[in-house]
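J.: This is the structure I have questions about; it appears just below.
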Amino acid sequence: MIQIPEHLSKERLLDLYEQMWLIRYFDEKVDEFFAKGMIHGTTHLAVGQEASAVGSCAVLKEEDKITSTHRGHGHCIAKGADINKMMAELFGRETGYCKGKGGSMHIADLDKGNLGANGIVGGGFAIANGAGLTSRMKDLGYVVLCFFGDGASNEGSFHEALNLASIWDLPVVFICENNQYGMSGPVKDMINIEHIASRSGSYGIPGKVVDGNDVFDVMNAVGEAVEHAREGNGPSLVECKTYRWKGHSKSDAKKYRTREEEKEWRDKDPIKRMKEAMLEKEIVTEEEVEEIKQQAKRKIEESVEFSKESPEPDLSTLLTDVYAD
Amino acid sequence: MIQIPEHLSKERLLDLYEQMWLIRYFDEKVDEFFAKGMIHGTTHLAVGQEASAVGSCAVLKEEDKITSTHRGHGHCIAKGADINKMMAELFGRETGYCKGKGGSMHIADLDKGNLGANGIVGGGFAIANGAGLTSRMKDLGYVVLCFFGDGASNEGSFHEALNLASIWDLPVVFICENNQYGMSGPVKDMINIEHIASRSGSYGIPGKVVDGNDVFDVMNAVGEAVEHAREGNGPSLVECKTYRWKGHSKSDAKKYRTREEEKEWRDKDPIKRMKEAMLEKEIVTEEEVEEIKQQAKRKIEESVEFSKESPEPDLSTLLTDVYAD
Amino acid sequence: MREITYLEAVREALSQEMRENEDVFMLGEDIGVYGGAFGVSRGMLEEFGSERIRNTPISEAAISGTAVGAALTGMRPVLELQFSDFITIAMDNLVNQAAKIRYMYGGKGSVPMVLRTPSGSGTGAAAQHSQSLEAWVAHVPGLKVVQPSCGSDAKGLLKAAIDDNNPVVFYEHKTLYKTSDHVPEEAYSIPLGKADIKREGTDATIVATAAMVPKALEAASKLAEEGIETEVVDPRTLVPLDKETIVESVKKTGRLLVAHEAVKRGGFGGEIASTIAESEAFDFLDAPIMRLGGAEVPIPYNPNLEKATVPSVEDMIDSVKQMVHYDTWRENHG
Amino acid sequence: MREITYLEAVREALSQEMRENEDVFMLGEDIGVYGGAFGVSRGMLEEFGSERIRNTPISEAAISGTAVGAALTGMRPVLELQFSDFITIAMDNLVNQAAKIRYMYGGKGSVPMVLRTPSGSGTGAAAQHSQSLEAWVAHVPGLKVVQPSCGSDAKGLLKAAIDDNNPVVFYEHKTLYKTSDHVPEEAYSIPLGKADIKREGTDATIVATAAMVPKALEAASKLAEEGIETEVVDPRTLVPLDKETIVESVKKTGRLLVAHEAVKRGGFGGEIASTIAESEAFDFLDAPIMRLGGAEVPIPYNPNLEKATVPSVEDMIDSVKQMVHYDTWRENHG
Ligand SMILES: Cc1ncc(C[n+]2csc(CCOP(=O)(O)OP(=O)(O)O)c2C)c(N)n1
Ligand SMILES: Cc1ncc(C[n+]2csc(CCOP(=O)(O)OP(=O)(O)O)c2C)c(N)n1
Ligand SMILES: [Mg+2]
Ligand SMILES: [Mg+2]
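Residue numbers (full-length UniProt numbering), protein chains in the order written: chain A, 1 to 325; chain B, 1 to 325; chain C, 1 to 334; chain D, 1 to 334.
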């Protein structure tokens with residue numbers, strides 16, 4: 001049974017719980033639309049990985065920032081995004097976050113401190129450093145969370161950025177969502193050590209492994225790392241062990257893993273575990289959690305309506321937004 | 001006092017001793033010519049670092065390979081290069097290793113297993129992997145030494161290559177010549193841990209620190225790593241702590257370090273230490289070592305004569321050698 | 001003759017070469033059990049095993065450099081980059097190492113590697129997964145550059161690329177993967193540097209590359225309905241470029257349109273247009289050379305916008321007509 | 001007016017901007033106490049301190065990406081890459097991130113960064129330290145590209161680049177660093193996208209970039225001795241390109257030679273030549289447009305070979321004469 005931190009109010013807990021459902025429903029909806037051919041391009045779903053996004057962002061202040069990945073819907077929602085604008089972007093509509101120009105892999109919400117998803121694996125590491133540098137140079141006090149996958153930890157950009165963040169004491173927390181696979185490459189074949197968090201040793205920074213399907217474990221570890229950064233002590237590396245339930249992207253026969261393994265991980269459903277912990281402690285009732293779940297579902301459905309009703313971008317917008325004035 | 005391994009014959013010792021002097025005289029000659037404007041371009045001298053090149057290559061078989069760096073004359077000599085062709089290349093002559101097309105940073109001696117110097121810091125890591133892969137796929141049994149500097153260990157290519165070598169068990173030994181500085185960047189400011197060798201921990205491979213100014217310490221450590229690789233156990237990382245006596249390249253006021261520090265390291269002269277150890281153990285006489293030294297000097301002077309007498313490449317060669325047939 | 005898809009043709013060339021030559025092997029991300037991002041290597045792991053179909057970590061710098069080192073020491077690696085946009089991360093190994101080694105070493109050593117990679121827009125993959133960056137590599141001495149426009153060309157050109165002793169960048173266009181044509185079953189080679197005249201004509205020449213070739217052919221047949229006979233030349237390789245075939249075509253037709261999907265500004269079309277303008281064909285020109293290329297924007301996600309970035313059949317028709325009616329056109333516009 | 005070197009002009013622009021604007025800072029390898037590989041930032045650490053003159057590890061991917069992230073969040077980083085050849089390692093951050101962020105995000109955010117880097121051959125630094133790769137970045141929508149040919153331009157263009165809200169690649173030519181000209185002391189800005197006519201003429205136009213500009217001027221004065229008046233146009237920025245000034249010049253002279261040091265094949269000269277050929281200037285051409293560019297080789301080390309890779313003053317003179325005497329020339333050669 002997972003442990004609920006004392007300081008969290010019921011309201012806050014339900015808020016986090018709703019975020020988890022929003023992420024799950026959002027991505028399941030997207031999955032459905034892709035299957036039906038209603039949205040084009042590609043997408044990467046975070047179903048099963050909700051806790052690392054929600055737990056990490058839960059410890060942030062509004063002015064803190066994140067950099068996200070190709071699998072970014074969860075981070076985006078957890079950092080407070082407008083679901084309607086997200087869904088509209090996937091529909092390629094003018095009302096979307098990127099006016100239909102970006103799509104799933106490029107949603108950013110600069111006002112909320114989300115510096116953007118990224119289609120380049122490992123593309124966010126150094127950008128996070130840059131944002132951390134701004135915080136330091138302008139004395140803004142904010143911290144940056146940099147999300148990345150197990151696969152991304154084999155990119156050179158990981159190494160260069162963690163080293164730089166360390167020697168410059170940048171306020172960046174590097175959060176590895178180790179979902180056991182790259183696209184198909186099993187982390188155990190691609191890395192010769194047990195924990196990616198141990199790579200922190202190459203940079204002289206703290207490294208910690210957490211149960212990525214336990215939203216509170218994530219909160220504790222990331223919370224500590226964020227405080228460490230905020231106090232000027234530099235970066236940390238936190239590894240969340242988790243699993244993606246769906247295929248890597250829209251077309252994936254998942255031949256690289258077994259159905260048993262999938263089932264094992266489904267049993268560690270982060271949403272179910274959070275719910276059970278809250279019920280066990282009698283913080284909430286079955287009805288209350290059900291209501292939150294339904295509310296999340298409704299929000300997602302509304303976002304679909306909003307998107308469908310939104311206009312396509314005008315062809316005249318093709319050539320705008322390339323250069324800033 | 002440094003320890004001479006039992007198994008080394010007097011002949012072998014004198015051979016290694018001569019190599020050290022060849023490297024020193026070669027690079028001092030080059031230094032002189034650059035100062036006089038007799039050779040153009042730029043160059044990076046290994047004076048003071050002779051032991052890491054000589055000690056590392058001393059444990060290799062003829063068919064083993066190396067990848068070298070911008071500071072590559074020492075590696076090249078230690079891997080058995082023809083000094084005349086090296087010097088002629090620096091003079092840009094037709095008789096040089098590269099027919100005058102490459103210069104200091106691009107000397108390669110494929111016949112002797114030197115896969116080339118490299119003007120790109122970190123450029124050799126993955127090339128070494130590739131050569132190691134060939135050895136494995138064709139069952140050739142050779143091992144590859146990959147030389148690189150402390151600065152290069154902050155390139156992403158370091159990380160990616162060591163990870164790949166580890167998971168593929170490639171027969172590559174990564175040899176860091178930590179001479180305390182990049183061009184001017186002190187390793188202690190650029191890396192937040194004491195030993196670069198500790199970075200081996202990120203890849204689950206052996207890492208070892210040696211006194212890079214002790215040719216025998218280098219031999220022992222690299223020898224072990226080479227055997228480890230040859231037996232199919234994969235890569236290792238060996239860090240040789242050393243120091244370059246000269247500036248980084250032809251123009252360098254060396255403002256980033258103190259004269260005291262320079263003196264401390266000069267006192268650890270790898271050539272002098274080797275000589276003293278041999279004399280102490282009465283393996284050689286003063287006269288013998290002096291003769292070796294003079295012989296090395298003569299060879300370098302001959303190489304200068306050879307180079308001066310060699311013709312410039314014909315302009316018609318400009319367009320050849322771009323593509324292989 | 002049987003029809004197979006472009007994707008199958010690529011796979012067949014790879015498989016035949018691997019059967020033929022022990023030194024050929026493949027490396028890349030997810031090319032093993034997953035079969036590659038687009039499925040090109042599906043089934044190859046089963047036939048060739050994991051030593052020759054090498055699944056790699058997500059490390060484009062390492063895998064490209066490893067290919068260089070393996071090639072330099074006697075293997076013939078075929079590297080797959082999942083999207084040609086990621087060449088940005090492999091660029092140093094390709095440009096500063098692979099392309100230059102032989103020359104820097106004074107003519108010693110060679111780097112017989114092929115970098116295969118899917119390029120182009122049209123799948124909704126947006127700005128970082130849809131570029132056409134072949135102009136970069138075509139600018140680099142030491143590299144060869146291939147852009148097949150149909151499966152039968154892809155098969156023969158890929159064999160030639162693997163057999164070549166130089167680093168070759170081999171672009172596979174994503175939207176062509178599912179197209180089919182007649183592809184001989186046996187292994188064959190199409191020499192690098194030999195353009196193909198995909199359709200003969202007398203009134204204008206369209207030099208088109210990759211996915212622009214089928215569009216040019218469509219434009220040509222529509223133009224034929226109006227009595228304009230367009231010759232469609234597919235250079236197939238940008239380096240080496242078969243200048244002669246293009247020059248001869250232009251000498252015959254007197255008009256040249258160059259069309260590529262890559263961004264027009266700085267695209268290889270400028271090279272082709274200028275080369276022809278500098279050649280003996282100049283005096284045969286009855287109208288200025290025209291170029292069509294991608295819009296000067298990152299590729300947008302929305303399908304309509306995405307489509308609008310790329311030259312269309314209509315754009316080609318309009319351009320050819322403008323050239324054919326250049327004198328009249330000039331009077332009206334000039 | 002006082003004369004200072006190109007190198008000093010660059011340093012002065014940097015220093016003045018840094019005094020003016022707190023958000024401007026520099027990062028790069030060895031730019032601190034060492035003063036940068038070519039000495040551009042010498043003395044700046046002392047004035048601005050190590051927080052604003054940030055000495056970095058040898059990590060081109062990290063430092064370029066850090067510049068992107070800092071720019072996106074409100075700073076104005078000026079990144080120095082020691083040699084422009086190393087852009088290969090920074091390419092992903094430049095092309096897939098910096099250039100595209102604003103567009104991908106639907107017009108939100110901007111990336112006001114400058115990547116300064118020395119390019120070109122002539123110093124014996126050989127194949128991996130001598131390239132001219134500006135055509136790559138000029139092909140990428142979202143980037144701006146500057147190539148100053150003298151100190152006074154460098155100073156004004158650098159200010160404009162730093163003040164610009166977009167990622168700008170600013171090429172400093174190594175062999176120009178020691179050249180001197182009259183450079184105003186106060187800060188001033190030269191707009192990006194404004195070509196400069198370095199010499200007026202009536203018989204032919206040479207569009208030359210970077211180190212080719214002084215050569216073109218030398219060629220022009222020699223040609224003048226023979227009565228041929230050559231106009232020398234320096235675009236100064238490839239993106240945006242001042243098409244108008246070139247078109248007007250060609251309309252006046254009727255002849256165009258484009259000269260750059262970069263490898264001719266796929267160089268930006270093809271873009272300039274084609275753009276002009278597509279423009280209204282076409283009808284004014286009295287001879288085919290000519291291009292001079294670098295030989296199709298990696299840059300060799302030997303000084304004579306190295307020199308031979310780059311267009312010479314004589315090459316320019318010959319080309320201009322060939323254009324001027326095109327009709328006679330054609331009779332003899334055609
Ligand atoms: C530089 C780069 N290389 C490869 C890809 C293709 N790709 C997209 S996602 C992915 C797997 C990433 O694995 P991981 O970092 O573990 O993240 P996950 O997908 O598991 O969340 C790959 C190979 C890419 N987008 N960018
Ligand atoms: C990719 C790249 N970045 C920067 C440089 C410029 N440079 C040449 S040598 C050098 C320092 C290298 O330091 P280190 O790896 O410690 O080797 P050392 O020179 O000390 O032998 C630098 C920055 C380069 N050649 N290549
Ligand atoms: Mg993963
Ligand atoms: Mg060093």
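Note that the Cβ used here is the ideal one computed from N, Cα and C, for glycine as well.
1) With a threshold of 6 Å, establish whether the CB of Asp150 of chain A neighbours any heavy atom of ligand 3.
2) What separation, rounded to the nearest whole angstrom, lies between the Cα atoms of Glu271 of chain D and Ala262 of chain D?
3) For Ala102 of chain C, go through chain B and note every residue whose CB falls closer than 9 Å to its CB, in chain order.
4) Just the Cα atoms here: how many angstroms apart are Ile197 of chain D and Asp203 of chain D?
5) Beta-carbon within less than 6 Å of Asp85 of chain C's beta-carbon, same chain only, minus the 5 sequence neighbours each way: which residues are those?
6) Is the shortest distance between the beta-carbon of Val40 of chain C and the beta-carbons of chain D less than 7 Å?
7) Taking Thr275 of chain C as the reference, give the member of D:Ile289, D:Glu218, D:Glu278 with the closest Cα.
8) Is there at least one Cβ from chain B nearer than 7 Å to Leu305 of chain D's Cβ?
9) Give me, in chain order, the residues of the same chain whose beta-carbon lies closer than 8 Å to that of Tyr188 of chain C; leave out the 5 immediate sequence neighbours on both sides.
10) Please determine, among D:Gly122, D:Lys264, D:Leu176, D:Glu218, the residue with the shortest C-alpha to C-alpha distance to Pro148 of chain D.
11) So does Asn118 of chain A have its beta carbon nearer than 6 Å to some heavy atom of ligand 3?
12) So what's Lys216 of chain B in DSSP terms, helix, strand or just coil?
13) Under 7 Å Cβ to Cβ from Val145 of chain D, same chain only, skipping five residues before and after it: list those, please.
14) Could you check whether the Cβ of Tyr301 of chain D sits closer than 7 Å to any Cβ belonging to chain B?
15) Of all Cβ atoms in chain A, is any one closer than 7 Å to the Cβ of Tyr203 of chain B?
16) In chain order, which continuous runs of the alpha helix (DSSP H) of length 4 or greater are located wholly inside the region 237 to 278 of chain A?
17) Report the neighbours of Asp92 of chain B on chain D: residues whose CB is nearer than 7 Å to its CB, in chain order.
18) Can you have a look at Gly214 of chain A and say buried or exposed, based on whether 16 or more other CB atoms are within 10 angstroms of its CB?
19) Distance, Cα to Cα, Asp217 of chain A vs Gly48 of chain A?
20) Is the beta carbon of Ser221 of chain C closer than 7 Å to that of Val233 of chain C?
21) If we define contact as Cβ-Cβ less than 7 Å, is Ala131 of chain A a contact residue for chain D?
22) Run through the DSSP bridge pairs and tell me what Ser180 of chain C is partnered with.
23) So, Arg90 of chain D versus Gly142 of chain D, is the Cβ gap smaller than 7 Å?
24) Report the partner residues of Thr230 of chain C according to the DSSP bridge assignment.
25) Residues of chain D with CB under 8 Å from Gly141 of chain A, in chain order?
26) Find out if the Cβ-Cβ distance for the pair Ala225 of chain B, Ala62 of chain C is shorter than 7 Å.
27) With a threshold of 7 Å between beta carbons, is Tyr34 of chain D in contact with chain B?
28) Suppose contacts are defined by Cβ-Cβ distances below 7 Å. Is Gly227 of chain D in contact with Gly267 of chain D by that definition?
29) Give me the residue from D:Pro118, D:Glu244, D:Gly43 with the minimum Cα distance to Phe83 of chain D.
30) So is Val187 of chain B in contact with chain D if we call contact Cβ pairs under 7 Å?
31) Among the candidates C:Gly35, C:Pro298, C:Ala208, whose CA atom is the shortest distance from the CA of Ile246 of chain C?
32) Is Gln131 of chain C a contact residue of ligand 1, with contact defined as CB to any heavy atom under 6 Å?
33) Please check if any C-beta of chain B sits within less than 7 Å of the C-beta of His139 of chain D.
34) Starting from Lys65 of chain A, follow the beta strand (DSSP E) in both directions and report where the run begins and ends.
35) In angstroms with no decimal places, state the Cα-to-Cα distance between Phe282 of chain C and Ile317 of chain C.
36) Along the region 198 to 230 of chain B, what residues have a CB closer than 8 Å to any CB found in chain F?
T.: The short version:
1) At least one heavy atom of ligand 3 lies less than 6 Å from the C-beta of Asp150 of chain A.
2) 13 Å
3) According to the sequence provided, residue 102 of chain C is Arg. The question's Ala does not apply to it. Per Cβ cutoff of 9 Å: Asp321, Val322, Tyr323, Ala324.
4) One C-alpha to the other measures close to 14 Å.
5) Within the same chain, and ignoring the five residues on either side of Asp85 of chain C in sequence, the residues whose Cβ sits closer than 6 Å to its Cβ are Gln128, His129, Gln131.
6) no
7) Comparing Cα positions, the closest option is D:Ile289.
8) yes
9) Lys155, Gly156, Lys159
10) D:Leu176
11) no
12) Correcting the residue identity first, residue 216 of chain B is Phe in this sequence and not Lys. The answer is helix: DSSP assigns Phe216 of chain B an H, G or I state.
13) Glu134, Val137, Ala138, Val169, Thr237, Leu238, Val239
14) Interface residue, yes.
15) yes
16) 259 to 266
17) The residue you asked about is not Asp; residue 92 of chain B is Gly in the sequence shown. What Gly92 of chain B touches in chain D: Tyr301, Asn302, Pro303.
18) Going by the sequence as given, residue 214 of chain A is Asp instead of Gly. Buried.
19) 16 Å
20) The criterion of a C-beta distance shorter than 7 Å is not satisfied by Val233 of chain C and Ser221 of chain C.
21) yes
22) C:Thr5
23) Here residue 90 of chain D turns out to be Ala, not Arg, going by the sequence shown. Not a contact, by the Cβ cut-off of 7 Å.
24) The partner list for Thr230 of chain C (beta bridge, DSSP) reads C:Ala204.
25) Within 8 Å Cβ-Cβ: nothing; Gly141 of chain A doesn't reach chain D, min ~13 Å.
26) Result no, Cβ atoms of Ala225 of chain B and Ala62 of chain C do not sit closer than 7 Å.
27) yes
28) no
29) D:Pro118
30) Closer than 7 Å: no.
31) C:Ala208
32) Because no heavy atom of ligand 1 lies under 6 Å away, the Cβ of Gln131 of chain C does not count as near it: no.
33) no
34) 65 to 67
35) 22 Å
36) Given the protein chain composition of this structure (A, B, C and D), no chain F is represented.
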